Every structure is written in C-alpha cells, then in structure tokens.
Amino acid sequence: MNRALGLLALLLPLLAHGEPSEAQLQQAVSEGRVKPFHEVMAAAAHLPGRVLRVDLTEQQGVWLYELKLIDHENSVIKVGYRADNLEMVWLKGHHLEHLFIPPAPAAE
208 MNRALGLLAL
218 LLPLLAHGEP
228 SEAQLQQAVS
238 EGRVKPFHEV
248 MAAAAHLPGR
258 VLRVDLTEQQ
268 GVWLYELKLI
278 DHENSVIKVG
288 YRADNLEMVW
298 LKGHHLEHLF
308 IPPAPAAE
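Using the numbering used here, read the sequence shown as starting at 208 and increasing by one per residue.
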C-alpha cells in the first residue's frame, strides 16, 4: 500500500493535467506495465546526480518514466526509462562525456 501511495503522490500533478486517471495508473502497475516508483528510484541511484523531477507518461501504449537530474557540475541531465522494464531508452544533456570517461588520476 505504501508503494502505491508514493506513486500516486508523485503522479497527482499529472492527473490534474488530463493525464491517465488514478484507476488507469493502478491498473497499469498491477498488470506490470508500470514498475513501482521505488524501483525507478533504485535505477536512478546509479546515475551521477540528484533527481529533481519524475514524470510518468503514456505514448502510444508505452509507459515512460522521464527523470530530470542535476549533476555535480550543475548540468541538467534528462533520462527516459521504459516503465515496464526500466530499460533506459534515452539520455539528454550537455557535457555528458564525463559520464563515460573516467577522471584522470591525480598528479603526484
């Protein structure tokens, strides 16, 4: 029940904008089409930054979690995950190379 309340609290702003109803969201979660909120936050814990916002949208029958983060250099990173399996489907932002290139060793 606590997981559902967390997910619903996160999604209330979406409901106010004509997005999927509470019943549709509950059905999507119970059918496995949308992973619970705590699972997407566990996936986001592996990203280099602090989560600022999470949106859940449905596009042509596919649910997507869209996360906005800010990294240690104050750059905004946007990440899209499929809500059914939490596969990352896109990554957007400036200066993303620091995510993939290890830092140079400190000079001795």
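The C-beta atom is built at its ideal place from N, Cα and C for all residues, glycine as well.
All of these numbers come straight from a predicted model, not from anything done at the bench.
What would DSSP say about V269, mapped onto helix, strand or coil?
strand
Cα-Cα, which of H302, L293 and S237 is closest to L271?
L293
Ignoring anything shorter than 4 residues or poking outside the segment 222-305, list the alpha helix (DSSP H) runs there in chain order.
229-237 and 244-251
Taking its Cβ as the centre, do 16 or more other Cβ atoms sit within 10 Å of H305, making it buried, or is it exposed?
exposed
Which same chain residues end up closer than 7 angstroms to G300 when comparing Cβ atoms and leaving out the 5 residues on each side of it in sequence?
S282, V283, I284 and K285
May I have the straight-line CA-CA distance separating L232 from G239, to the nearest angstrom?
11 angstroms
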